[in-house]
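Residue numbering for the sequence shown follows numbering that gives the first Met the number 0, starting at 0 and increasing by one per position. We treat Cβ as the ideally placed atom computed from N, Cα and C, and that holds for glycine. Note sheet for the following structure.
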Amino acid sequence: MISSFADDTNISHVVDDINDVHLLQEDLNIIYLWANENNMTFNEEKFEALRCGPNQALKDTTKLLTEGGKEVYNKPHVKCLGVFLSENATFEHHIAATIKKARGMAGWILRTISSREKEVILTLWRSMVQPLLDYCSQLWSPQKKGIIQNLETVQRSFTRNIKGMRDLSYWDRLNQLGLYSQQRRRD
0 MISSFADDTN ISHVVDDIND VHLLQEDLNI IYLWANENNM TFNEEKFEAL RCGPNQALKD
60 TTKLLTEGGK EVYNKPHVKC LGVFLSENAT FEHHIAATIK KARGMAGWIL RTISSREKEV
120 ILTLWRSMVQ PLLDYCSQLW SPQKKGIIQN LETVQRSFTR NIKGMRDLSY WDRLNQLGLY
180 SQQRRRD
């Protein structure tokens with residue numbers, strides 16, 4: 000299956016044996032031919048392969064090639080439309096990257112903006128941090144308690160910095176600020 004969005008193209012194929020690897024390579028060759036016929040080129044440096052499944056021997060003994068004959072390297076995680084997909088079919092890598100990005104943005108806001116007034120900080124939270132935590136969350140929403148708590152920590156520490164909120168419990172802060180927990184937002 001081939002899917003494209005803007006300048007990204009993804010090819011997926013079920014591979015159960017060596018014949019399926021050859022079929023996938025044939026699909027790649029057809030795409031290279033199409034690109035040449037339409038005076039297009041692919042950036043071979045950006046080619047990535049994500050191999051999922053239990054057949055480690057097949058993964059280790061086969062390779063895919065670019066048009067120029069370079070090997071398409073296997074990656075444990077590839078990004079597709081802003082979401083990391085992992086070879087172990089979990090979104091834990093994506094969630095960790097999301098938490099890191101949200102913490103970075105929250106920290107930047109708190110370092111850059113001197114005001115700690117509720118209206119200012121909540122506006123910045125809703126416009127700059129919460130969208131990072133919400134993007135495609137229907138797809139990657141975690142089920143493990145520890146991961147849910149890690150996501151919650153971003154909002155927990157951020158709301159503590161709002162004027163008048165430091166001495167309140169997290170749940171009281173959410174109530175006073177009119178916010179939902181991150182878990183509740185995804186339920």
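Output yes or no for whether 8 Å exceeds the beta carbon distance between LEU63 and ALA101.
no
Among TYR134, LYS117, THR97, ALA96, whose alpha-carbon lies nearest the alpha-carbon of GLY163?
LYS117
Per DSSP, CYS51 is paired with what?
In DSSP, CYS51 forms no bridge with anything.
Range covered by the alpha helix (DSSP H) that runs through TRP19:
Note that residue 19 corresponds to Asp in the displayed sequence, not to Trp. Where ASP19 is concerned, the enclosing alpha helix (DSSP H) stretches over 17 to 36.
Would you call the CB atoms of PHE90 and TRP170 closer than 8 Å?
no
Closer than 8 Å is the cut-off here; do at least three beta carbon pairs connect the segment 150 to 157 with the segment 174 to 182?
yes
The alpha helix (DSSP H) spanning ASN149 covers which residue range?
144 to 158
Within a Cβ cutoff of 8 Å, which residues of the same chain sit near ILE94, ignoring the five residues on either side of it in sequence?
TRP139, PRO141, ILE146, ASN149, LEU150
Which class does LEU109 belong to by DSSP, given the choice of helix, strand or coil?
helix
For SER3 and GLU173, the rounded distance between their alpha carbons
It should be pointed out that residue 173 corresponds to Leu in this sequence rather than to Glu. Cα-Cα distance, rounded: 41 Å.
Whether LYS47 touches TYR72 by CB criterion (8 Å):
The residue asked about is misnamed: residue 47 is Glu in this sequence, not Lys. Yes; because the gap between Cβ atoms is below 8 Å, this pair is in contact.
Please tell me whether ILE112 and LEU121 are closer than 8 Å, where the distance is taken between their beta carbons.
no
What is the DSSP secondary structure of LYS74, counted as helix, strand or coil?
coil
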